[in-house]
Amino acid sequence: MEKVPGYELLVAEEDGEVVGTTVLAVLPGFAHGTAPFCVVEYVVVDERRRSRGIGKLMMDCVIGRAKEAGCYKIMLTSDLRRERAHNFYRSIGFEASAHRFRLYL
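For the sequence shown, my numbering gives the first residue as 226, with consecutive numbering after it.
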């Protein structure tokens, strides 16, 4: 993966096997005194290893990286049907705050 400034791929491993990944991007902000913000995408944990703390460890790392970068918020999106994921995000302090719109090109 090519290094792109502000983007980071996090990989969780267990016994040398990849069991989870996520991507975070620290982006320049135009509000809050131009403080940056963090966008999280592709939070994935191996189905056989869910509910074992791997997602929490990855998100703790994301939160730490965002704080280190001076971000004022972290944003992520999750498919409407992923109720279990929504409950996970709420359990670690996230709150639903907006509707997402998209246009594929």
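Backbone N, C-alpha and C define an ideal beta-carbon position, used for all residues, glycine too.
Which of helix, strand or coil does DSSP assign to residue i?
i	result
L301	strand
G231	coil
L282	helix
E308	helix
For a quick check, are the C-beta atoms of residue i and residue j less than 9 Å apart?
i	j	result
D269	V287	For clarity, residue 269 is Val in the given sequence; the question names Asp instead. Not in contact: V269 and V287 (Cβ atoms no closer than 9 Å).
M284	T246	no
R290	L330	no
G301	Y314	A quick correction: the sequence has Leu, not Gly, at residue 301. In contact: L301 and Y314 (Cβ atoms closer than 9 Å).
G280	L252	no
S203	H311	Outside the shown range of the chain, which is 226 to 330, sits residue 203, and nothing can be said about it.
E239	R274	yes
Which term fits residue i, buried or exposed, when burial requires 16 or more other beta carbons within 10 angstroms of its beta carbon?
i	result
A237	buried
V229	exposed
G318	exposed
F326	exposed
Using a Cβ cut-off of 9 Å (strictly closer), state whether residue i contacts chain C.
i	result
V268	This model lacks chain C altogether; it includes just one protein chain.
Counting Cβ pairs, one atom from each stretch, are 3 or more of them under 8 Å apart for the segment 289–307 and the segment 248–268? yes
Restricting to runs no shorter than 4 residues, where is the alpha helix (DSSP H) found entirely within the segment 244–294?
279–293
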